[in-house]
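Chains as they are written, first to last, in my numbering: chain H, 1 to 143; chain B, 1 to 440.
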């Protein structure tokens, strides 16, 4: 039901992100989705990858502080209003979203939305009840 | 040596006493001191027993090397009042400064001690030209720190009008300086720089002010800073030295000749030692400054190691004072930092970080200056336990660490998280301080 997200601490300095990107390229790690939350001094890079166990190990071995978190991934139609239905369902159920990012794998089809909420189980149920398609970790591998 | 103005000497009899008479006075007071601490301070009695020294063995200042040293760690080991030589009922004041760990270094004063301190601060501030006509703005912090109250009591003893401003609130300081006609400002040299630049930036001509002198201490400063302050504020800037363990500010003070700080030797006997061997060095050689307090009642200290490096000069001074002069401090024998006048030890930071679960013990203290004020940033390596997927949680953690560290140091510290393994390590021992302050 849930998807594993990897969060990585990256210093907000020139070259730091480039070095991380090079690591992923060298190790052949394919990003399904990615976002960066930034502050003056550091950023938290969050990503969804196909093989998170290997990716987390690679990052850890390279000296990065990485952490795995369960998040919700949903697939919504890639058109205006596509996101609104899902957000509405969560809001109506009183579930607040800590953060969210999205990714479109191929134009014109579905968009992938990644959510972090306090109560995963409840949010998953609310979304399922609203007819929103939840994506599992296994499905991520096939995206 | 710009303005060799001859200010009145507060206590000419003592301050200009011939050195042989001064030595006799010291010897008399030393003998009485040793009897007192032997009788009243078990710590010293035990130390003297251990080396087989009796009070009768100490007849003069030349016998000081027979006596044990005292270090900051001894004050910590006897925290808070263990080295006091009088019952608590006779202690009228308690001050504290940074310890090397989470606990502060505590000092206690009897009524006579406060009187002696006021007297020595009156001497010191008189040397900076303060008289009963002066208006003295005390912008040292008031509180456990000795700066504020020390300068306050000294200026009052002289009969000056004292403005007890304490530190900070720069705009208000400048306003009152103009409105009240402040003649002397007492604060840290870095804060004096802040005040001077504020006056300049506010477009206030020096002719609107009545400033004549500054009594600047609690942190080391250079001749370059003196020139800048004297120009910026239109004053004569005098260096004052002290440490709470020995008394507070006013252990020594510059005269208008600005050629070293006169140590008030009728109350404190200075020695300069080779910091490695502990062997006394002759006058003129650089070493660690050590004090024995001759007259203090609350917390008399034998051969207290200041860890400050200096040179002593006993040659007669142009001002007429005979008391030995210590050169402006050239450094420390330990890793103590002075940041905005606050003494800071890396071991304090280590202690706090170690007490926070999940927080890495690897850190680097980066000291810098911003708008003439010292800043302290502590870089802490991020562990997996500290990592979160949300910025909010990481920032909360930074705030928590900053709050804990700042409260122990008595000084605001910014926390900056760094990736694991990113902080320098040398010879297996971490390099814990990066001091990037510019010293002129």
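C-beta atoms are modelled at their ideal positions from N, C-alpha and C, and glycine is treated no differently.
Proximity below 8 angstroms, CB of residue i to CB of residue j
i: residue 179 of chain H; j: residue 140 of chain H; result: Because chain H spans 1 through 143 in this model, residue 179 of chain H falls outside it and cannot be assessed.
i: residue 148 of chain B; j: residue 250 of chain B; result: no
i: residue 239 of chain B; j: residue 284 of chain B; result: no
i: residue 10 of chain H; j: residue 47 of chain H; result: no
i: residue 289 of chain B; j: residue 277 of chain B; result: no
i: residue 76 of chain H; j: residue 113 of chain H; result: yes
i: residue 50 of chain B; j: residue 126 of chain B; result: no
i: residue 326 of chain B; j: residue 252 of chain B; result: yes
i: residue 33 of chain B; j: residue 61 of chain B; result: no
i: residue 118 of chain B; j: residue 374 of chain B; result: no
i: residue 309 of chain B; j: residue 342 of chain B; result: no
i: residue 216 of chain B; j: residue 246 of chain B; result: no
i: residue 27 of chain B; j: residue 59 of chain B; result: yes
i: residue 344 of chain B; j: residue 409 of chain B; result: yes
i: residue 382 of chain B; j: residue 406 of chain B; result: no
i: residue 108 of chain B; j: residue 81 of chain B; result: yes
i: residue 244 of chain B; j: residue 347 of chain B; result: no
Residue i versus the options, residue with shortest Cα-Cα distance
i: residue 165 of chain B; options: B/189, B/268, B/136; result: B/136
i: residue 130 of chain H; options: H/111, H/78, H/82, H/35; result: H/82
i: residue 51 of chain H; options: H/45, H/31, H/77, H/135; result: H/31
i: residue 363 of chain B; options: B/281, B/252, B/418; result: B/418
i: residue 57 of chain B; options: B/38, B/70, B/69, B/352; result: B/38
i: residue 159 of chain B; options: B/385, B/132, B/12, B/211; result: B/132
i: residue 116 of chain H; options: H/100, H/128, H/12; result: H/100
i: residue 388 of chain B; options: B/406, B/12, B/358, B/411; result: B/358
i: residue 67 of chain B; options: B/139, B/393, B/291, B/123; result: B/291
i: residue 86 of chain H; options: H/127, H/1, H/37, H/36; result: H/127
i: residue 423 of chain B; options: B/413, B/44, B/380; result: B/380
i: residue 183 of chain B; options: B/168, B/197, B/207; result: B/207
Chain-ordered chain H contacts of residue i [CB-CB under 8 angstroms]
i: residue 417 of chain B; result: 9, 41, 42
i: residue 395 of chain B; result: 39
i: residue 420 of chain B; result: 63, 65
Interface partners of residue i on chain H, CB under 9 angstroms
i: residue 303 of chain B; result: Residues of chain H passing the Cβ test: none, with the nearest at roughly 46 angstroms.
Buried versus exposed call for residue i [16 or more other C-beta atoms within 10 Å across all chains shown]
i: residue 370 of chain B; result: exposed
i: residue 14 of chain B; result: buried
i: residue 20 of chain B; result: exposed
i: residue 270 of chain B; result: buried
i: residue 236 of chain B; result: buried
i: residue 65 of chain B; result: exposed
i: residue 340 of chain B; result: buried
i: residue 437 of chain B; result: exposed
i: residue 138 of chain H; result: exposed
i: residue 1 of chain B; result: Confidence at residue 1 of chain B is low in this model, with a pLDDT of 40, below 50, so the placement of that residue should be treated as unreliable; the coordinate-derived value is given next. Under this definition residue 1 of chain B is an exposed residue.
i: residue 203 of chain B; result: exposed
i: residue 315 of chain B; result: exposed
i: residue 87 of chain B; result: exposed
i: residue 3 of chain B; result: Because residue 3 of chain B sits at a pLDDT of 46, beneath the cut-off of 50, its placement in the model cannot be relied upon, and the following sentence gives the value as read from the coordinates. Counting Cβ neighbours within 10 Å, residue 3 of chain B comes out exposed, since fewer than 16 surround it.
i: residue 435 of chain B; result: exposed
i: residue 74 of chain B; result: buried
i: residue 321 of chain B; result: buried
i: residue 431 of chain B; result: exposed
i: residue 42 of chain H; result: buried
i: residue 109 of chain H; result: exposed
i: residue 180 of chain B; result: exposed
i: residue 213 of chain B; result: buried
i: residue 261 of chain B; result: buried
i: residue 38 of chain H; result: exposed
i: residue 186 of chain B; result: buried
Proximal residues of chain H, C-beta to C-beta of residue i below 7 angstroms
i: residue 382 of chain B; result: 9, 65
Contact list for residue i against chain B, beta-carbon separation under 8 angstroms
i: residue 37 of chain H; result: 390, 391
i: residue 46 of chain H; result: 389
i: residue 69 of chain H; result: 389
i: residue 116 of chain H; result: 389, 390
Neighbour list for residue i in chain B, Cβ cutoff strictly below 7 angstroms
i: residue 5 of chain H; result: 389
Residues that residue i contacts on chain B, provided the C-beta gap is smaller than 9 angstroms
i: residue 99 of chain H; result: 389, 390, 391
Any non-hydrogen atom of the ligand MN within 7 angstroms of residue i CB
i: residue 292 of chain B; result: Absence of the ligand MN is noted for the structure shown, with no ligands found whatsoever.
is_contact[residue i, chain A] using C-beta, thresh 8 angstroms
i: residue 65 of chain B; result: The structure shown contains no chain A; its protein chains are H and B.
Subject >> Every unbroken alpha helix (DSSP H) inside the region 137-175 of chain B [4 residues or more] >> reply: Correct list: 146-158.
Original post:
What beta strand (DSSP E) runs, 3 residues minimum, are completely inside the region 183-253 of chain B?
Top reply: Fully enclosed beta strand (DSSP E) runs of 3 or longer: 184-187, 213-217, 236-243.
Original post:
Which ranges does the beta strand (DSSP E) cover as unbroken runs of at least 3 residues, wholly within the region 338-391 of chain B, from first to last along the chain?
Top reply: Runs of the beta strand (DSSP E) inside the region 338-391 of chain B: 342-344, 363-370, 373-381.
Subject >> Contiguous alpha helix (DSSP H) assignments of at least 4 residues, all confined to the region 36-86 of chain B >> reply: Counting only unbroken stretches of 4 or more residues, the alpha helix (DSSP H) elements lying wholly within the region 36-86 of chain B are 42-51, 72-77, in sequence order.
Subject >> Minimum length 4: unbroken alpha helix (DSSP H) runs contained in the region 44-68 of chain H >> reply: You should have 52-61.
Original post:
What are the uninterrupted segments assigned as beta strand (DSSP E) that are 3 or more residues long and contained completely in the region 65-117 of chain H, given in chain order?
Top reply: Correct list: 66-77, 97-104, 110-117.
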